[in-house]
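Working notes, structure below.
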Amino acid sequence: MKKINILKPVLVSNKERALQNRKLFDRMHSLVINIISSPGAGKTSVIYRVVERLRARYRILIIEGDIRGQVDSQRLKKLKVDVVQINTETACHLDAYMIAQALPTSKKKYDLVLVENVGNLVCPAEFEIGEDYKLAILSTPEGDDKPFKYPLLFHLAQVVIINKIDLLSYTDFNLKKAVTQLKKQNPKVRIIVVSAKTGNGIEEVCDYIIEDLNARKKKSHN
Amino acid sequence: MHEFSVTQSLVDLCKQEAEKNSMISIKRINIKLGKFTGFSPDSIRFYFEILKPDSRLQDAQLNFKEIPIVIKCDNCKKKITIEEPIMICPECGHSDIELISGREFFVESIEGE
């Protein structure tokens, strides 16, 4: 019997593809945000609100990941920005290959690429797609213990949006407890509290994104 | 559920490496899996049984070695093994923490003939 040392990550091919995606995005000077939450936390609604405010100033591409159907992409197409729908059929997350295939072949450049991952708090955290960072959304009816129960995503996310704050008084969600837990798992995390329904807090999300976009623009001019 | 695609990647990687090294039959796949990943060894084993009917892999067993979550505190410089992924130093309470291990998921080696 012989033994061969391999020392390669199991997800090596996804990682390599994600790096290639990254290079492509870098050439376009695009900011790519991988948006992850459980089903129904409000990913599409947050994206809608953000794009509504940013579309006049920036070139935006939305990549929609769903197991089936075009429901979300049809809703987002009303915003008159480019929207690509990926149907993963059985897969519970987007991977780097799906993103590579979904990218428009035209030479069009985008300042901002928003990727709405499949609704799931587990798997999308493990699969890099070539993003700049992960943005997690947690909604008040889901409970304040979600970060505790799904530590990896909330550890990796650069930004966590707490959505449906308009429903706070109807739920047992303890905002202080959630924020404390998030900070414990991810001390540098930026937490933004919003209601995609009323639009409250969306401005802060936009400002955060704009700051990044402006920094990139400066860099690309140099 | 996501372990299915992960197990597929695992099978592909092992097949490729066996082929490269002219290993006809893999008996054992040694995997290092960090405690701070979203993967369960049991699910990987389950899908591996479904995916392994292949000449090179049919006798293969999966051997998982768990890697603990270890953090290093930037303040007190201590390396500490923790059970829950809380990024606050249990010694001095500082939050400038570097994650040293726990996120690994790789094939260390394959054994066979």
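Here the protein sequences line up with chains A and B, keeping their order. Read in UniProt numbering, the first sequence has 169 at position 169, and its numbers run on one by one without any break. Read in UniProt numbering, the second sequence has 96 at position 96, and its numbers run on one by one without any break. Yeah, the Cβ is synthetic: ideal placement off N, Cα and C, and Gly gets one too.
Sub-8 Å separation of V6(B) and I44(B) beta-carbons
Here the question's residue 6(B) lines up with position 6 in the second sequence. Here the question's residue 44(B) lines up with position 44 in the second sequence. Their beta carbons are under 8 Å apart, which means V6(B) touches I44(B) by this criterion.
Ignore the nearest five residues each way along the sequence and tell me which others in K35(B)'s own chain have a CB closer than 7 Å to its CB.
Mapped onto the second sequence, residue 35(B) falls at position 35. The answer, listed in chain order, is E66, I67, P68, I69, G102.
Backbone secondary structure at T37(B) - three-state DSSP
One-based indexing of the second sequence puts residue 37(B) at position 37. Correct three-state label for T37(B): coil.
Is the shortest distance between the beta-carbon of N87(A) and the beta-carbons of chain B less than 8 Å?
For this step, residue 87(A) is matched to residue 87 along the first sequence. It does not: the Cβ of N87(A) has no partner Cβ on chain B nearer than 8 Å.
If you run the structure through DSSP and keep just helix, strand and coil, what is I47(A)?
Along the first sequence, one-based indexing puts residue 47(A) at 47. Residue state, collapsed to three classes: helix.
Residue from D207(A), L175(A), I210(A), L156(A) with nearest C-alpha to S37(A)
As a working note, residue 37(A) is residue 37 in the first sequence. S37(A) has its Cα closest to that of L156(A), out of D207(A), L175(A), I210(A), L156(A).
Chain-ordered residues of the segment 4-32 of chain A with a beta carbon less than 9 Å from chain B
I4, N5, I6, L7, K8, P9, V10, L11, V12, S13, N14
Quick check: the segment 57-68 of chain A against the segment 130-146 of chain A, are at least 3 beta-carbon pairs closer than 8 Å?
no
Just to confirm the assignment, what range does the alpha helix (DSSP H) spanning C206(A) have?
Position 206 of the first sequence, counted from the start, is the residue given in the question as residue 206(A). Start and end: 202-221.
Spatial neighbours of I24(B) within its chain, please: C-beta separation below 7 Å, excluding the five flanking residues on both sides.
Start at 1 with the first residue of the second sequence, and residue 24(B) comes out as number 24. Only R56, E113 meet the Cβ criterion.
Going along the chain, which residues of its own chain have a beta-carbon closer than 7 Å to the beta-carbon of C123(A), five neighbours each way excluded?
To locate residue 123(A), count along the first sequence from 1; it is residue 123. Around C123(A): C92, H93.
Euclidean distance between Cα positions of I137(A) and T171(A):
Translated into positions along the first sequence, residue 137(A) becomes position 137. Translated into positions along the first sequence, residue 171(A) becomes position 171. Straight-line Cα distance between these residues: approximately 17 Å.
Please confirm whether F64(B) and V10(A) have their CB atoms less than 8 Å apart.
Taking the second sequence and counting its residues from 1, one reaches residue 64(B) at position 64. Taking the first sequence and counting its residues from 1, one reaches residue 10(A) at position 10. Cβ atoms of F64(B) and V10(A): not closer than 8 Å.
Quick check: S40(B) and E3(B), are their CB atoms within less than 8 Å of each other?
Indexing the second sequence from 1 puts residue 40(B) at position 40. Indexing the second sequence from 1 puts residue 3(B) at position 3. Going by C-beta atoms, S40(B) is nearer than 8 Å to E3(B).
Of the listed residues K146(A), L182(A), S45(A), nearest to R75(A) (C-alpha basis):
Working through the first sequence from its first residue, we reach residue 75(A) at position 75. Here the closest residue by C-alpha is S45(A).
Considering only the alpha carbon of each residue, which of K15(A), I202(A), L31(A) lies closest to L114(A)?
Stepping through the first sequence from its first residue, residue 114(A) is reached at position 114. Ranking K15(A), I202(A), L31(A) by Cα distance to L114(A) puts L31(A) first.
Neighbour flag for P187(A) against chain B, beta carbons, 8 Å
Residue numbering aside, residue 187(A) sits at position 187 when the first sequence is read from its first letter. Chain B, which has a Cβ nearer than 8 Å to the Cβ of P187(A), makes this yes.
Which term fits C92(B), buried or exposed, when burial requires 16 or more other beta carbons within 10 angstroms of its beta carbon?
Your numbering for residue 92(B) matches position 92 in the second sequence. By the 10 Å Cβ count, C92(B) comes out exposed.
From the DSSP output, in three-state form, read off P85(B) for me.
Within the second sequence, the letter at position 85 stands for residue 85(B). Note: P85(B) maps to coil in three-state DSSP.
Starting from the Cα of R55(A), find the closest Cα among H29(A), A96(A), L79(A) and give me that residue.
Taking the first residue of the first sequence as 1, we reach residue 55(A) at position 55. The shortest C-alpha separation from R55(A) is found at L79(A).
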